[in-house]
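Participant:
In the numbering used here, the protein residues as written are 56 to 966.
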């Protein structure tokens, strides 16, 4: 396509180039707004910057954008996109997912500024990335991306709903894939961890061709990571942590849902074995143990850490292919296809039941205690093996675009289709309702325990029954169950717009972009019938059915260069959702060139997060829970608001479903900052930011429903709880007994965060090589959530900045040295000390400060190859551990790596 430029823009770009010449050479400081100058015409090519659709030439824009390019990513030492973002200063409270024993085990999220995963928008080549149905279709998982296909990652740390729509509250992550490559590159990487588990092997192939008017690229990547078991990690394995090893309270990692008989007459817990021993049940059982709080108890406890995994085994395959063709000097066509498949095997503790009542007596034997009808059972089905869920995730993404220019107009048209499917197959689960009826019945005539469902004594058909006391007696297979899920999130969209320049201001022409988009979204969230009915023990999540929405949007941007030094920008977007309605969000920003080496910038805008299709359309899921009837207590004359205790409780049906009355969360964000070249070889950037949210989408459970129903009565309100909190309510029978409660999600509460980002960079070229250093520091001043109190008033809560899991200071330090064919780099991550914000004691729970350093050495070889050696967490810094009443519990997996030190070796060959 032809390059267009204007004298005023070129003049202004000289200042931009002066600052950009430094930033573009320092790792971590390469900005998305790199200036491109056509050497033949000396005209400046304007490029699109993440955060705006107006093409510009400025290096430092009105909103902060940071770029991790492929070279810098390699120097960090990490091997996945997810790891690169997880340990950045922007990801203030770590990343969710990637942990076994839950549906999210195959996922990983990015949560800028410590906001929710629903408050960060992820783009792929500037278009919305496929959203995961595992995350309710409300966020994208970055665990499926091939690092070999990534050209750079642009991170906008400012609100951008006025440009991109929903979710762009804390910022935008734009992952730019490779488009221009000529040749063949093959790379293999192997990582070995010091612990038993967590090894990784990766292979990638990149091929591309480049012609006079076209280019194409093909990328394949295979990645396999071995599982990490709980027993592989010192702080996660079962162990005695304090006191008497014979006391269950002195242990960590044991469950009492194991092999225990509960006496129906006095509720003492007893071992099924007369001698009290537990080893006959299997290697996972520990005991007999006592309980210092209940001296008569004898417990055979279950060591779940021997079966359960910390992280699952995963295998990922990716293919990306793209083709770019310049149809004419004014028209360009681009198509990109992307496919990913991830298989993960999630292994959890064996299924268990508790409170299952024996319907018949079982006699005492030489080795087993007697059981009376009315006694109950706590049982772990280790004979079935651990629960195993196999997840198969597939992503298909197709993007087509036409871009062109006609006279003084730039235009673009885009079509995007993506589908994310997840099908899981869970085995070794149990149908709880069948357990009591499956326990064997003692037949006195036969002097044998027989199966009550498969035996027919009169016909002489005798099947040995299950005796849960006996280690050699296995539960029948007919009580086993699967837990299967079928999820799909599909998006299809078209968008387009036109950019042009209008009349001239002293600083140049006013730039305008006008655009519109249409998107259709479909979510399928189904589980098998037995699991959906709540009959399966050990599964999680019900069905949300099939739901759809469409979104129409119109957006506009105006860039006004008032003078050579001052520019104002205005953006606005209107979104109309077919389910909950419409929303309008503006943004204004400005940048001022104070002097040649100093730029000051500021922005303000509003944003929103749309409720997910699951939030709105979750199908009715009925369970049972003990619920205090606060309304009945109030009617009995109790002063609940004055502190009276309510003792009326009933086990009732709790119906949880979606809420069609939900409205979007709404945000207000602002940012003030500057970028300054201290010298030709050093710079500093700083930004002070604020995010305020209202109408947070939150759970309103059965206890909230009943309390606020009573509170409204006590305050003399004529409104029902359903009036105050749409979608909630309760039901009574004809005699006035509470029989059901409707709970759901509601718009309730707000939050406020404030913080500051600072980046310092330095470089030097010497006879001993080229040196560079970058320090990124993120500080959070305030994290406050407001919630409704017992009086029904929204009040400000505790400041959670610096709370456990939310360090208020995070530092990244990147150091690099290059000389000829040798490059040595290091990357350090530092988290400050964290103190429990809700612990008012003299010695509150806390985590000490922590740091991890990766080292990378790369040698470029003469035959178009290179070899890299990396030591991850080189000093083997152990993760800090939370203490709870003298017990050492799990680390915060969202922040810290779990596998300790690891060695990585890579070899790359180019042709």
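We put the CB at the ideal spot given by N, CA and C, even for glycine.
Does DSSP put residue 509 in a helix, in a strand, or in coil?
Facilitator: coil
Participant: Going by beta-carbon coordinates alone, are residue 203 and residue 259 separated by less than 8 Å?
Facilitator: yes
Participant: Give the secondary structure of residue 130 by DSSP, where H, G and I count as helix, E and B as strand, and everything else as coil.
Facilitator: Three-state DSSP puts residue 130 in a helix.
Participant: Using the DSSP secondary-structure output, state which residues sit across from residue 632 in a beta bridge.
Facilitator: DSSP lists 606, 636 as the bridge partner or partners of residue 632.
Participant: In terms of residue numbering, what span does the beta strand (DSSP E) encompassing residue 905 cover?
Facilitator: 905-916
Participant: Under a Cβ-count criterion, where at least 16 other Cβ atoms within 10 Å of its own Cβ denotes burial, should residue 927 be classed as buried or exposed?
Facilitator: buried
Participant: Just list the beta strand (DSSP E) runs in the stretch 659-736, keeping only unbroken ones of 3 residues or longer that don't cross its boundaries, in chain order.
Facilitator: 676-683, 704-711, 720-734
Participant: Does the beta-carbon distance from residue 617 to residue 567 come in below 8 Å?
Facilitator: Note that the C-beta distance between residue 617 and residue 567 is not below 8 Å.
Participant: Mind reading off the beta-carbon distance from residue 611 to residue 569? Whole number of angstroms is fine, and I expect it under 8 Å.
Facilitator: 5 Å
Participant: Would you call residue 421 buried or exposed, if buried means 16 or more other Cβ atoms sit within 10 Å of its Cβ?
Facilitator: Exposed is the label assigned to residue 421, since fewer than 16 other Cβ atoms lie within 10 Å of its Cβ.
Participant: With a Cβ-Cβ cutoff of 8 Å, do residue 407 and residue 435 count as a contact?
Facilitator: yes
Participant: So is residue 823 buried or exposed if we call it buried at 16+ other beta carbons inside 10 Å?
Facilitator: exposed
Participant: Excluding the five sequence neighbours on either side, which residues of its own chain have a C-beta within less than 7 Å of the C-beta of residue 528, listed in chain order?
Facilitator: 521, 522
Participant: Determine the direct distance from the alpha carbon of residue 750 to that of residue 615, and round the result to whole angstroms.
Facilitator: The C-alpha of residue 615 lies about 34 Å from the C-alpha of residue 750.
Participant: For the structure I just gave you, are there three or more beta carbon pairs, one from the stretch 475-490 and one from the stretch 182-193, closer than 8 Å?
Facilitator: Verdict: yes, contact present.
Participant: Residues in the same chain with beta-carbon distance under 7 Å from residue 557, minus the five sequence neighbours each way, listed in chain order, please.
Facilitator: Within the same chain, residue 557 has close Cβ partners 564, 565, 567.
Participant: For residue 70, collect the residues of the same chain with a Cβ closer than 8 Å to its Cβ; drop the 5 residues on either side in sequence, then sort them by chain order.
Facilitator: Residue placement at residue 70 cannot be trusted, given a pLDDT of 34 that sits under 50; what the coordinates show is reported in the next sentence. The answer, listed in chain order, is 648, 651.
Participant: Would you decide whether residue 672 is buried or exposed? Buried here means 16 or more other CB atoms lie within 10 Å of its CB.
Facilitator: buried
Participant: Which runs of the beta strand (DSSP E) fall wholly inside the stretch 270-332 and span at least 3 residues, in chain order?
Facilitator: Runs of the beta strand (DSSP E) spanning 3 or more residues and lying entirely within the stretch 270-332 occur at 314-317, in chain order.
Participant: What separation, rounded to the nearest whole angstrom, lies between the Cα atoms of residue 152 and residue 160?
Facilitator: 6 Å
Participant: Just grab the DSSP bridge partners of residue 541 for me.
Facilitator: Per DSSP, the beta bridge partners of residue 541 are 478, 581.
Participant: For the alpha helix (DSSP H) containing residue 764, name the first residue and the last one.
Facilitator: 757-769 is the span of the alpha helix (DSSP H), which, as asked, contains residue 764.
Participant: Looking only at C-alpha atoms, which of 654, 603, 628, 589 sits nearest to residue 621?
Facilitator: 654
Participant: Grab the span of the alpha helix (DSSP H) containing residue 138 for me, first residue to last.
Facilitator: 136-141
Participant: Note down the Cα distance separating residue 850 from residue 838, rounded to an integer number of angstroms.
Facilitator: The alpha-carbon atoms of residue 850 and residue 838 are separated by roughly 14 Å.
Participant: In angstroms, rounded to a whole number, what distance separates the CA positions of residue 914 and residue 921?
Facilitator: Rounded to the nearest angstrom, the two C-alpha atoms are 5 Å apart.
Participant: Given residue 935, which residues of its chain have a CB within under 6 Å of its CB, disregarding the five upstream and five downstream residues?
Facilitator: 902, 903, 905
Participant: Quick one, are the C-beta atoms of residue 975 and residue 355 less than 8 Å apart?
Facilitator: This structure cannot speak to residue 975, because the chain is shown only from 56 to 966.
Participant: Using a threshold of 8 Å, state whether the C-beta atoms of residue 132 and residue 909 are closer than that.
Facilitator: yes
Participant: Would you call the CB atoms of residue 687 and residue 793 closer than 8 Å?
Facilitator: yes
Participant: Within 10 Å of its beta-carbon, does residue 846 have 16 or more other beta-carbons around it, so buried, or fewer, so exposed?
Facilitator: exposed
Participant: In angstroms with no decimal places, state the Cα-to-Cα distance between residue 168 and residue 126.
Facilitator: 25 Å
Participant: How many whole angstroms separate the CB atoms of residue 807 and residue 747, which I take to be in contact at a CB cut-off of 8 Å?
Facilitator: 5 Å
Participant: To the nearest angstrom, how far is the alpha carbon of residue 232 from that of residue 399?
Facilitator: 25 Å
Participant: For the alpha helix (DSSP H) holding residue 216, just list the boundary residues, first then last.
Facilitator: For residue 216, the uninterrupted alpha helix (DSSP H) run begins and ends at 216-219, by DSSP.
Participant: Identify every residue that forms a DSSP beta bridge with residue 257.
Facilitator: 244, 278
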